[in-house]
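Here the structure is laid out as structure tokens; the discussion comes afterwards.
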Ligand code: FAD
Ligand code: NAD
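Numbering (my numbering), first residue to last: 43 to 520.
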């Protein structure tokens with residue numbers, strides 16, 4: 043039997059489920075195929091993000107931050123807490139409850155919008171047909187006016203450190219430790235390494251991060267990256283750069299990791315090792331050999347700026363395609379693909395995709411860094427301001443970091459904002475809006491920011507671009 047839909051979405055992660063909901067809002071008949079089973083063994087929507095990514099990692103970051111606050115940082119407020127203790131299984135169970143609530147919410151939204159959730163595997167065939175295999179192995183063929191491929195990504199595997207899901211884990215395993223490792227090794231000082239490293243360090247682990255590259259967080263402004271590295275080191279994350287892992291073996295319940303750095307070959311023993319060396323698109327099992335969809339040289343599905351693949355009527359979005367692997371990018375691409383299908387002409391602004399690392403303080407950025415702007419031949423002016431003199435940050439005993447604006451010196455246009463500081467992930471949206479609307483730095487300088495707020499750091503950083511910050515003695519004045 044063949045069933046026909048206006049739109050078939052393969053993958054029910056943030057990209058896929060938002061595409062399905064938007065298509066239903068526009069009156070299309072929609073099926074979303076998702077094969078994932080949740081931790082409870084039941085079919086689950088929400089993809090990597092809701093099940094084993096953004097949400098569970100943030101739940102653990104929040105719990106671990108509270109534990110660290112209660113253990114070490116309340117005395118300064120005059121609050122003495124005694125007998126703080128940790129129940130890791132309960133902490134992990136809370137995380138699971140948050141995940142269940144959110145994935146269940148997507149299922150409710152599907153019901154409400156009349157989106158058909160097909161539980162199982164989808165495979166694109168030639169001629170915009172889709173093979174659907176349900177969880178019992180029963181096959182069915184679907185036809186669609188349009189197909190949206192939203193199969194997401196999975197962790198990169200490296201032969202020198204093979205994941206055994208016990209001692210050597212990927213990011214998914216690292217969300218479910220039932221006790222705090224005494225010594226935790228992490229391969230990769232990327233976003234996952236820093237976030238999950240922070241979780242387990244706050245809960246009491248000694249954390250060593252081995253990073254092959256010489257440059258720390260190459261995607262962010264150098265000044266912010268340097269400050270971040272210093273701050274994380276002060277918190278106790280032992281980050282070793284230019285450290286290339288050559289082997290990882292389990293010996294007597296310890297993971298023995300061999301690596302090479304500038305001074306030669308070294309070895310370390312850990313109770314657990316997290317492999318966090320990047321993610322790759324999931325194309326295996328997704329595309330029939332004759333379906334016609336082309337991949338690029340890095341094996342991402344090749345798409346144009348509006349997410350059309352090489353096959354008319356077939357779109358691909360999210361982690362499956364070029365660009366940063368971020369949930370909000372996937373969501374916007376899902377909505378864009380559907381709007382294109384509906385005959386509209388939307389365009390995701392890839393220049394304003396925000397990046398956030400949810401350490402404490404957070405690191406967040408939008409637009410260009412100083413070096414990136416200069417590399418584009420732009421004449422830039424910059425201004426920065428520290429959280430150390432911000433009234434609100436000091437009142438909350440959370441006054442570390444700085445905000446830095448990058449501005450086009452010729453046009454006065456805002457090019458980028460990079461922030462290390464409390465709530466940086468929220469604060470940076472102010473510059474996202476400014477860039478989106480083509481604002482000048484003068485526009486931001488002339489606005490009135492509420493006092494006392496963390497946002498005043500953004501205002502002062504904007505003023506400092508022209509030597510006008512009030513709460514700093516600036517040499518250059520305009
Ligand atoms: P996914 O979320 O990967 O969803 C794809 C879905 O498709 C999966 O559920 C998969 O089971 C299903 N699928 C694949 N192939 C098939 C098939 N053939 N048939 C049926 N179903 C299929 N991003 C952020 O923006 N902020 C964060 O804070 C953040 N934190 C993260 C933390 C961790 C630990 C990790 C691992 C990732 C994090 N990310 C974060 C990245 C984010 O999770 C991804 O960018 C996002 O989930 C991508 O969405 P997607 O819809 O493209 O794919
Ligand atoms: P990443 O690309 O951010 O970092 C991987 C790091 O591992 C890199 O610095 C790389 O140089 C290093 N590396 C690679 N091979 C190595 C080796 N053999 N030895 C030592 N170091 C090695 O990847 P990730 O941290 O795994 O995260 C994957 C994706 O998930 C990212 O693209 C990110 O966008 C997304 N994510 C986002 C968030 C967020 O938005 N807050 C959180 C987690 C994950």
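For every residue, glycine included, the Cβ atom is placed at its ideal position computed from N, Cα and C.
Everything numeric in this text was worked out from a predicted model, so none of it was measured.
Which value, in whole angstroms, describes the spacing of the CA atoms of residue 466 and residue 173? As a first step, residue 466 is located in the chain shown; it is residue number 424 there, counting from the start. As a first step, residue 173 is located in the chain shown; it is residue number 131 there, counting from the start. Going by the C-alpha atoms only, they are around 44 Å apart.
Considering Cα atoms alone, identify which of 435, 482 and 330 is closest to residue 493. For this step, residue 493 is matched to residue 451 along the chain shown. The shortest Cα separation from residue 493 among 435, 482 and 330 belongs to 435.
Any idea which residues DSSP pairs residue 470 with across the strands? Counting from one through the chain shown, the residue named residue 470 turns up at place 428. Per DSSP, none; premise fails for residue 470.
Select from 139, 134, 136 and 109 the residue whose C-alpha is nearest the C-alpha of residue 125. Counting from one through the chain shown, the residue named residue 125 turns up at place 83. Ranking 139, 134, 136 and 109 by Cα distance to residue 125 puts 109 first.
Run the CB neighbour count on residue 194, radius 10 Å, all protein chains shown included, and call it buried at 16 or more, exposed below. Counting from one through the chain shown, the residue named residue 194 turns up at place 152. With 16 or more other Cβ atoms within 10 Å, it is buried.
Leaving aside the five residues before and after residue 491 along the sequence, list all residues of the same chain whose C-beta is less than 6 Å from its C-beta, in chain order. Within the chain shown, residue 491 is the residue found at index 449, counting from 1. For residue 491, where only same-chain residues beyond five positions count, the Cβ hits under 6 Å are 497, 498 and 501.
Helix, strand or coil at residue 237 according to DSSP, with G and I counted as helix: If you number the chain shown from 1, residue 237 lands on position 195. The answer is helix: DSSP assigns residue 237 an H, G or I state.
Is residue 278 closer than 9 Å to residue 233 when the C-beta atoms are compared? Position 191 of the chain shown, counted from the start, is the residue given in the question as residue 233. Position 236 of the chain shown, counted from the start, is the residue given in the question as residue 278. Not closer than 9 Å, so no.
Can you tell me whether residue 311 is buried or exposed, with buried defined as 16 or more other CB within 10 angstroms of its CB? Within the chain shown, the letter at position 269 stands for residue 311. Looking at its Cβ environment, which holds fewer than 16 other Cβ atoms inside 10 Å, residue 311 is exposed.
Is the distance from the Cβ of residue 357 to the Cβ of residue 189 below 9 Å? In the chain shown, residue 357 corresponds to position 315, counting from 1. In the chain shown, residue 189 corresponds to position 147, counting from 1. Cβ atoms of residue 357 and residue 189: closer than 9 Å.
Which of the three DSSP states, helix, strand or coil, is assigned to residue 219? Against the chain shown, residue 219 aligns to sequence position 177. Three-state DSSP puts residue 219 in coil, outside helix and strand.
Burial state of residue 402, where buried means 16 or more other Cβ atoms lie within 10 Å: As a first step, residue 402 must be located in the chain shown, where it is residue number 360. Its Cβ being crowded by 16 or more others within 10 Å, residue 402 is buried.
For the pair the region 47 to 63 and the region 376 to 391, tell me if three or more CB-CB distances fall below 8 Å. yes
Please state whether DSSP places residue 417 in a helix, a strand or coil. Taking the chain shown and counting its residues from 1, one reaches residue 417 at position 375. Reduced to three states, the DSSP call for residue 417 is helix.
Taking residue 281 as part of the beta strand (DSSP E), name the residues at either end of that continuous run. The residue given as residue 281 occupies position 239 in the chain shown. Start and end: 280 to 282.
When you compare only the Cα positions, how much space is there between residue 260 and residue 425? Residue 260 sits at position 218 when you count from the first residue of the chain shown. Residue 425 sits at position 383 when you count from the first residue of the chain shown. Between residue 260 and residue 425, the C-alpha separation is close to 20 Å.
So, with DSSP's three-state summary, where would you put residue 94? For the purposes of this step, residue 94 is identified with residue 52 of the chain shown, where counting begins at 1. If DSSP states are grouped into helix, strand and coil, residue 94 belongs with the helices.
Which stretch, first to last residue, makes up the beta strand (DSSP E) that contains residue 189? Translated into positions along the chain shown, residue 189 becomes position 147. Per DSSP, residue 189 belongs to the beta strand (DSSP E) from 181 to 191.
Leaving out five residues before and five after residue 159 in sequence, what residues of the same chain have Cβ atoms less than 6 Å from its Cβ? Sequence index remark: in the chain shown, residue 159 carries index 117 (1-based). So the list reads 74 and 152, once near-sequence residues are dropped.
Spatially closest choice to residue 384 from 313, 359, 305 and 187, by CA coordinates: As a working mapping, residue 384 is identified with position 342 in the chain shown. Considering only alpha carbons, the answer is 187.
Extent of the continuous alpha helix (DSSP H) run through residue 226: Against the chain shown, residue 226 aligns to sequence position 184. Note, residue 226: premise wrong, no alpha helix (DSSP H); beta strand (DSSP E) at 225 to 229.
Given 8 Å as the limit, tell me if residue 498 has its C-beta closer than that to any heavy atom belonging to the ligand NAD. Start at 1 with the first residue of the chain shown, and residue 498 comes out as number 456. Checking every heavy atom of the ligand NAD against the Cβ of residue 498, none is found closer than 8 Å.
With residue 196 as the anchor, note down where its beta strand (DSSP E) starts and where it stops. The sequence position of residue 196 within the chain shown is 154, counting from 1. Where residue 196 is concerned, the enclosing beta strand (DSSP E) stretches over 195 to 197.
Tell me the rounded alpha-carbon separation between residue 136 and residue 63. Walking along the chain shown from the start, residue 136 turns up at place 94. Walking along the chain shown from the start, residue 63 turns up at place 21. Approximately 28 Å, taken between the alpha carbons.
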